[in-house]
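Peer 1: Below is the structure I would like to discuss, written out as structure tokens.
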Amino acid sequence: MKRRDALGRVALLMGGALSAPTMVAFLQGCNQSGENASAMSFPFTSERMDLVSEVAEVILPKTDTPGAKDAKVGPFIEKMLKDCYEAKDQSSFEKGLEELEKKGFLKASAEERVKILTEMESQAKEEMAKAGEDKKKYTEAGKEYTDAGVPFFRLMKELTLLGYFTSEEGATLALEYVPVPGRYDGCIDYTPGQKAWAM
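Per mature numbering (1 follows the signal peptide of the UniProt record, and there is no 0), the sequence shown runs over residues -19 to -1, 1 to 180.
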């Protein structure tokens, strides 16, 4: 799958918009080790990896198709954060993980996990709206605006979807997959219940 195709697919799943750091990270590619200052400790501890994997699994649980853990989304998120994101985004992600640890996410029931993440999603939307307002105020005043890191849940959701739908499991089992595509048909009717096509 080509980078731009994967980015387009994730943008559709996110409702048409990705955060700027995710677009930059994905279109420009990752950095060589040591190029970016890191605001997190890498590699993740086993407890931290379990936390990231469990959050991803709540976002994309296993049903009749593989879940996020089956697609190894946790290690993907760690690699992307380490190699492709700036310190401000890593710091925002770190704060989100610390908040989940304080709330006892790993010990919570399935219903409590969904409630915790729903609250974090609302919080992320508020943070993004406030950042947009702040940016507008700075621009109108002729001042430079320094972007804050992407809110934790927004970044977590983007990376989960990106990791899942670019994995072998996501592309071949969750989407309609043609290993050797034939001719191009620009308009194909979908049948009820048919999966979206993998790129």
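All C-beta atoms, glycine included, are put in the ideal place defined by N, C-alpha and C.
Computed from a predicted model, the values in this text were never measured in an experiment.
Glutamate 67 by DSSP, collapsed to three states: which one?
Peer 2: Start at 1 with the first residue of the sequence shown, and residue 67 comes out as number 86. Glutamate 67: coil per DSSP, three-state reduction.
Peer 1: Using the rule of at least 16 other Cβ atoms within 10 Å of the residue's Cβ for burial, across every protein chain shown, is threonine 44 buried or exposed?
Peer 2: Here residue 44 is taken as the residue at index 63 of the sequence shown, counted from 1. Counting Cβ neighbours within 10 Å, threonine 44 comes out exposed, since fewer than 16 surround it.
Peer 1: Buried or exposed, going by whether 16 or more other CB atoms sit within 10 Å of the CB of aspartate 70?
Peer 2: Counted from its first residue, the sequence shown places residue 70 at position 89. The residue is buried, with at least 16 neighbouring Cβ atoms inside 10 Å.
Peer 1: Give the C-beta separation of glycine 130 and serine 90 to the nearest angstrom, bearing in mind that I take them to be a contact with Cβ-Cβ under 8 Å.
Peer 2: By one-based count along the sequence shown, residue 130 stands at place 149. By one-based count along the sequence shown, residue 90 stands at place 109. The Cβ separation is near 30 Å, so there is no contact.
Peer 1: Are three or more beta carbon pairs between the segment 92 to 107 and the segment 155 to 169 nearer than 8 Å?
Peer 2: These segments do not touch.
Peer 1: By Cβ distance below 6 Å, which residues in the same chain neighbour proline 173 in space, the five residues on each side in sequence not counted?
Peer 2: Taking the first residue of the sequence shown as 1, we reach residue 173 at position 192. Here the set comprises nothing.
Peer 1: When the distance is taken between beta carbons, is methionine 30 closer than 9 Å to leucine 143?
Peer 2: On the sequence shown, position 162 is the one that residue 143 refers to. On the sequence shown, position 49 is the one that residue 30 refers to. No; because the gap between Cβ atoms is not below 9 Å, this pair is not in contact.
Peer 1: Helix or strand or just coil, what does DSSP make of glutamine 175?
Peer 2: Within the sequence shown, the letter at position 194 stands for residue 175. Coil at glutamine 175, not helix or strand.
Peer 1: Name the one or two DSSP bridge partners that glutamate 157 has.
Peer 2: Indexing the sequence shown from 1 puts residue 157 at position 176. According to DSSP, which records beta bridges pairwise, glutamate 157 is partnered with Trp178.
Peer 1: Using the Cα positions of serine 27 and proline 56, report the straight-line distance between them to the nearest angstrom.
Peer 2: The sequence position of residue 27 within the sequence shown is 46, counting from 1. The sequence position of residue 56 within the sequence shown is 75, counting from 1. Their backbone Cα atoms lie some 11 Å apart in a straight line.
Peer 1: Straight-line CA distance for aspartate 166 to lysine 96?
Peer 2: As a first step, residue 166 is located in the sequence shown; it is residue number 185 there, counting from the start. As a first step, residue 96 is located in the sequence shown; it is residue number 115 there, counting from the start. The alpha-carbon atoms of aspartate 166 and lysine 96 are separated by roughly 43 Å.
Peer 1: Closest to phenylalanine 133 by C-alpha separation, out of Glu150, Ala152, Pro160, Met109, would be which residue?
Peer 2: Taking the sequence shown and counting its residues from 1, one reaches residue 133 at position 152. Measuring from the Cα of phenylalanine 133, the nearest candidate turns out to be Met109.
Peer 1: Is it buried or exposed, cysteine 168, if we count other Cβ atoms within 10 angstroms and call 16 or more buried?
Peer 2: What you label residue 168 is simply residue 187 of the sequence shown in a count that begins at 1. So cysteine 168 counts as exposed.
Peer 1: Quick check on DSSP: helix, strand or coil for phenylalanine 57?
Peer 2: Numbered from its first residue, the sequence shown carries residue 57 at position 76. Three-state DSSP puts phenylalanine 57 in a helix.
Peer 1: Phenylalanine 146 lies in the alpha helix (DSSP H); which residues open and close that run?
Peer 2: Taking the sequence shown and counting its residues from 1, the one referred to as residue 146 is at position 165. Where phenylalanine 146 is concerned, the enclosing alpha helix (DSSP H) stretches over 133 to 146.
Peer 1: Among the candidates Ser22, Pro42, Gly77, Val54, whose CA atom is the shortest distance from the CA of lysine 63?
Peer 2: Locating residue 63 in the sequence shown gives position 82, counting from the first residue. The shortest C-alpha separation from lysine 63 is found at Ser22.
Peer 1: Determine the closest residue to glutamate 139 out of Pro24, Glu150, Ala37, Val161, with distance taken between C-alpha atoms.
Peer 2: Within the sequence shown, numbered from 1, the residue matching residue 139 stands at position 158. Comparing Cα positions, the closest option is Ala37.
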